[in-house]
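Numbering (the working numbering), first residue to last: -5 to 951.
Think of the CB as a built atom: it goes at the ideal place given N, C-alpha and C, for glycine as much as any other residue.
If you're wondering where the values come from, they're calculated on a predicted model, not measured in any experiment.
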Amino acid sequence: MTAQTPPSPPFRDPQLPIAKRIDDLLSRLTLDERVAFLHQFAPAVERLGVAAFRTGQEALHGVAWMGPATVFPQAVGLGATWNEELVHRVGEAVSKEVRAMRALDDRVGLNVWAPTVNLLRHPLWGRNEEGYSEDPKLTSAIATAYTRGLRGDHPVYWRTAPVLKHWLAHNNETDRATASSSVRPRVLHEYDLRAFRETVEAGAVAGVMPAYNLVNGRPNHVSPHLDDQLRTWTDEDLLVCSDAGAPSNLVDSEHYYDTHEEATAASLLAGVDSFTDHGTDSSKIVARLRGALAQGLLSEEDIDRAVRRQLSVRFRLGEFDPQYDPYAGTSDFDTPAHRALAQEAAEQAIVLLKNDDDTLPLAPGTRVAVVGLLADECKVDWYSGTLIHRSTPLEALYDRFGAEHVEFAEGVDRVRLRTSAGTFLHVPPAEDAPDVARGAEGALDPALLAGRTDLPALTADADGTAFALIDWGEGLLTLRAPDGRYLSVAEDGFVRASADQPGGWVVQETFRLEPHGSQGSHENRHLLRHVGTGRHVSVAADGVRVADEEETSPEIFELIIAERGEESVKRAAARADVVVVVAGNDPHINGRETEDRTTLRLPAHQQRLLDAARATNTRTILALTSAYPYAVDVSDLPAALWTAHGGQAAGTALARVLAGDVSPAGRLPQTWYADDADLPGLLDYDIIGSRQTYLYFEGTPLFPFGHGLSYASFAYADLTAGAEDDETLRVSFTVTNTGDSAADEVAQLYTRAPDSPVTRPRRELLAHRRVPLSPGESVTVSFELPLSCLEFWDVAIGGRRLAPGAYEILAGASSEDIRARTTVQLTGTPATPRPVRQRGLAAADFDEHSGAGIVDRTKVSGDAVTPAGGREAELLYRDCDFGEGVTEVTVEVEVAGEGVVEVLLDGDDKPTVLTPTPTPGPYDYTTVRAALTTDGVRDVRVRLRGPLRLAHVGFSG
């Protein structure tokens, strides 16, 4: 007899619905195998032919952490393009490179953790570079385009499976694993949830990643909104992947649960499906899940629900149908098309901030001095891939204008470090040191480049090694040797000139100079502290190392400044027709994951260079290259530009814009504030109450949201708007290029509700479109928008409502540059007073507040209100209907903790005071009652004194 091949199991049958295939595979897995699937590194099941699987592949603006790949502009730069079509193509290119790289290295995952849709509420957030915009509409539009590109367009199979980061209201690195974001209902629904919702509803999202922080006192990894919001927005299974180490944080740093079994069970029940914890070691998570099952905290059904969601993603990625997967053979990697796209994206991301008297573009033959700490840099960030190609502004300007027309001055400070013994610190060049060292104006003394050893040594050279010192601000500096390598500290503690760039999770290339002793006219003595280890630098016979100060005394250095950077800048500026100062940040220093900024100001070193350039040459142009906004005075500069770090083609893009080969059309995706004083506290998430972002900010920004100039000019006309049915707002207008050059215009549509009885945005983006126009060309821009885009979250009804009245429709070139306007009258749904005797008042549903913070009512769900810092808060609830003819009711407050509650009705002189008996824990609520005289519709004020939690205010009788 001939042996027959056993039939394939149903989960291998691509003709069956995915749900049935998942059911079949689940039924074949043992409980141990299913539990093991819930760690980030799910093991293979060889008996079923199921491969190992890893959730998580970083792909924010290119494939990250897996070696060379095409590097596109940072996410905030992609946001600055305001171009969904472009971003969609970028997403396609990135996902193709993911597939191509996976074909060569199975460590590359197809479940990509991108994009980041956290809103850029506060510009000092260290991860500003990772988000798209401060506006939820723009953020969701760009994120949807990127995820659609990542997903692919096949109806069944996905090229990659994108996971949105980071759920929810996450906009601070300071205490990020323990801080709680207090988010009132209107901010939650109108702002923070919205960017996630519109992207998920678009259908190209595989899941989300919760953030490290807490929201309203409850960690995001046990957020009830994962089920009551996120999973109601789509019929698709969504995979929720924890952030790295966050499951352990629930016990170890947040102390929200007593045991890891409780915490892991609570996360799973809340909706987390994949646990990213302890790296590749899954044993601890598996043990916690098994322990939770044994204690009755979880059931097998709970395990299966999470495994099902993970398998849903794996089936959609074609893992079980390689013969039918249309993306299985994708090999596009570093193609000419990808290189061209990286350049196009970098060009479209550049924002022309200012251009007085048509200073730009530069005419052919212009003698250009390109100066500044970033003039010859092409920086990458933590989520960048390794550069295959790179262009710096200096290199690109050489190519575009000719080396004979370009002069360079980096502007570093040249320093030497003399020890207390009178010898100089000497760092030999690396083996591959160039013949001509980088420097302010060319080569240093060749004698300093001769010879090398593995470790820095002391030398009695008369001058010692001249280091390039760069102060990046806030006292953080780098020291670079003449061969271009940065001083760095290795695991053995020795200081070597070994790093191409500062970088790493813990940067090993940053130092601080700490004054030591008296500072006389002939003394300039410092300790040199290495920031990464926190230790001081010491000098010993075997080399230079960071000191174990119990064994070795730190060295006391005399800092000898050979030349200030501004001197070389002045020399270059004096010989040029125009100066381009390239300033900004290093993405690994001062503002990055784990580290917020403390100021909007340009670092003092770079401000010195800018001041020196413009004092020497009035035709000084500032080209900011940064991951975030600055508050920099440009009033006496004729021109200024900004771009995020633009990836591999950053320099080429900038040079082409400066030369006029491309007309800039990037637009600011967030407000640029004029001063630190304009900013709220970093942890103040109430954008309404503290008037944050362009939506509510009442001051004068340095540059407004949506701002960006062009080498052309544009006219807006013929604006019409109308609601032709009960669901759709139709708007159209014409835009005409009235300039002499072809250019893109970003037409922006805003609205405002001038007669709203509640605080509404000053302006709110409804839609936008980036349109290319030739000189003299006109285009009609039309939008059909759901009237729901004009709704707000009405706390009185706990839902969205379209208020009746006038709505201004505004078309223009930025949120402040409105070129045409009209008004539409909408019937909407009138407000009705709150029937408080029927349902009372949920504490968090206030209209206005002062001094209040929102916290968790229980560990599972609900909100309560407490005075911030345990002191005093006041809550206002408008238009509360007690009923006609009612003269007395009983007020009931549900509180936990200790303190006093005062209830005051408008028109009354004295509050009703309720003093509850203190309760032992934050979730031990008690109800206190008192008589209250009232009738009709009244505003209610509730004052809280002391560290208590108010959950509800009821009225009966």
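Same chain, Cβ closer than 8 angstroms to ALA45, neighbours up to 5 away in sequence not counted: Around ALA45: ALA38, GLU313.
Endpoints, the alpha helix (DSSP H) within which ALA556 is located: From DSSP, ALA556 is part of no alpha helix (DSSP H) but of the beta strand (DSSP E) over 550 to 557.
Among GLU503, TYR871, LEU470, the one whose alpha carbon lies nearest that of VAL1028: This structure leaves residue 1028 out entirely; the chain is present only between -5 and 951.
Pick from GLU398, ASP352, ALA87, ARG308 that is closest to GLY654, judged by C-alpha positions: ASP352
Distance, ARG333 Cα to PRO450 Cα: Residue confidence for PRO450 is low, a pLDDT of 45 falling below 50, so the modelled location carries little weight; the figure read from the coordinates is stated next. Each residue's alpha carbon lies about 40 angstroms from the other.
Reduced DSSP secondary structure (H/G/I, E/B, other) of TYR801: strand
CB contact flag (SER261, CYS235, <7 angstroms): Not closer than 7 angstroms, so no.
Beta-carbon contacts of VAL29 that lie in its chain and below 7 angstroms, excluding the five residues immediately before and after: VAL280, LEU283, ARG284, ILE297
Three CB pairs or more closer than 8 angstroms across the region 713 to 731 and the region 636 to 656: no
Cβ-Cβ distance between GLU167 and ASP590 below 7 angstroms: yes
Anticipated Cβ contact below 8 angstroms, ALA343 with ALA638, distance rounded: 6 angstroms
Contacting residues, own chain, Cβ-Cβ under 7 angstroms from PRO440 (five flanking each side not counted): Because PRO440 sits at a pLDDT of 33, beneath the cut-off of 50, its placement in the model cannot be relied upon, and the point is left open.
Where SER174 sits in the DSSP three-state scheme: strand
Own chain partners of ARG661 with C-beta closer than 6 angstroms, once the 5 adjacent residues on each side are dropped: TRP76, GLY700, GLY702, VAL740
Burial state of ILE555, where buried means 16 or more other Cβ atoms lie within 10 Å: Note on ILE555: under 16 other CB atoms within 10 angstroms of its CB, so exposed under the neighbour-count rule.
Option nearest ARG178 by Cα separation, candidates ALA189, ASP169, ALA163: ALA163
Meets three-Cβ-pair contact criterion under 8 angstroms: the region 199 to 213 and the region 849 to 868: Verdict: yes, contact present.
Under the three-state DSSP convention, the category ASP7 falls into: coil
Counted within 10 angstroms of its Cβ, other Cβ atoms place HIS249 as buried (16 or more) or exposed: exposed
LEU23 versus LEU696 - alpha carbon distance: 60 angstroms
Distance CB(ALA336)-CB(GLY675) smaller than 7 angstroms: no
Residue range of the alpha helix (DSSP H) that includes PRO387: 387 to 395
Selection from ARG145, VAL365, GLY585 that minimises the alpha carbon distance to ALA570: VAL365
Bridge-paired residues (DSSP) for ASN731: Answer is PHE708.
Nearest neighbour of ALA74, chosen from SER127, SER808, LEU113 [CA to CA]: SER127
Where the beta strand (DSSP E) containing PHE402 begins and where it ends: 400 to 403
Straight-line gap, PRO476 to LEU594 (C-alpha atoms, nearest Å): 32 angstroms
At least three beta-carbon pairs within less than 8 angstroms, the region 866 to 885 to the region 820 to 840: In the pairwise beta carbon analysis, the region 866 to 885 is classified as touching the region 820 to 840: at least three pairs are separated by under 8 angstroms.
Limits of the alpha helix (DSSP H) - the one that PRO156 falls within: No alpha helix (DSSP H) contains PRO156, which is instead part of the beta strand (DSSP E) from 155 to 161.
Same chain, Cβ closer than 7 angstroms to ASP429, neighbours up to 5 away in sequence not counted: Low per-residue confidence applies at ASP429: pLDDT is 49, beneath 50, and the placement is therefore not dependable enough to give any value.
Other residues of its chain near GLN9: CB distance less than 7 angstroms, five sequence neighbours each side excluded: none
Residue range of the unbroken alpha helix (DSSP H) whose run includes LEU603: 598 to 610
Whether VAL489 touches VAL538 by CB criterion (7 angstroms): yes
Simplified DSSP assignment, three categories, for ALA451: Residue placement at ALA451 cannot be trusted, given a pLDDT of 45 that sits under 50; what the coordinates show is reported in the next sentence. In this structure, DSSP gives ALA451 an extended state, which the three-state scheme calls strand.
Nonlocal neighbours in the same chain, by C-beta distance under 6 angstroms from ALA649, ignoring five residues either side: Excluding sequence neighbours, ALA649 sits near ALA390, LEU391, ARG394.
Sub-7 angstroms separation of ASP749 and GLY799 beta-carbons: yes
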